[in-house]
Amino acid sequence: MVAVQPNQNGEKKDTRIKPGEVRNPAGRPKGARSKLGEAFLKELVADFEQHGAQAIVTVRENKPDQYLKVIASILPKEIDIGENMASALKQSRDAATEAFFRAMSEEALH
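When the letters of the sequence shown are read in order and numbered with my numbering, they come out as residues 1 to 110.
Written out as structure tokens, the structure is:
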């Protein structure tokens, strides 16, 4: 789509911005965007300090799916847990699986 506007003679004038052309030399004041971001973060921190702990509890209790989504979003994509931790996790998983099946077996017998 070509941006054209008629001039006083009725001829159409190309109004597109050319490479290197500056239409507003004053532009946005330096730091204006960062000031807005800083103000927002300052207010967010103040709100979190006042309501954060209770907000976390409320979300965890009322919207556990959103709670887990937030947790997952702030975790690193990959975690190097090392062999010792991997072994400990495997042992915990195996113990939990064994306890689950033992409980299911006992429940079935009663």
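Here a beta-carbon is modelled for each residue, glycine too, at the ideal position from N, C-alpha and C.
*Which class does Asn-24 belong to by DSSP, given the choice of helix, strand or coil?*
Correct three-state label for Asn-24: coil.
*Pick helix, strand or coil for His-110, following the three-state DSSP scheme.*
His-110 falls in the coil class under three-state DSSP.
*Would you kindly work out how many angstroms separate the C-alpha atoms of Gly-27 and Ala-39, rounded to a whole number?*
Answer to the nearest angstrom: the Cα atoms are 21 Å apart.
_Could you tell me which whole alpha helix (DSSP H) segments of length 4 or greater appear in the stretch 32-94?_
The stretch 32-94 contains these whole alpha helix (DSSP H) runs: 32-62 and 64-74.
*In angstroms, rounded to a whole number, what distance separates the CA positions of Ser-92 and Ser-105?*
Take the alpha-carbon of Ser-92 and the one of Ser-105: they are about 20 Å apart.
*asked:* Less than 8 Å between the C-beta atoms of Gln-66 and Val-59, yes or no?
replied: A contact, by the Cβ cut-off of 8 Å.
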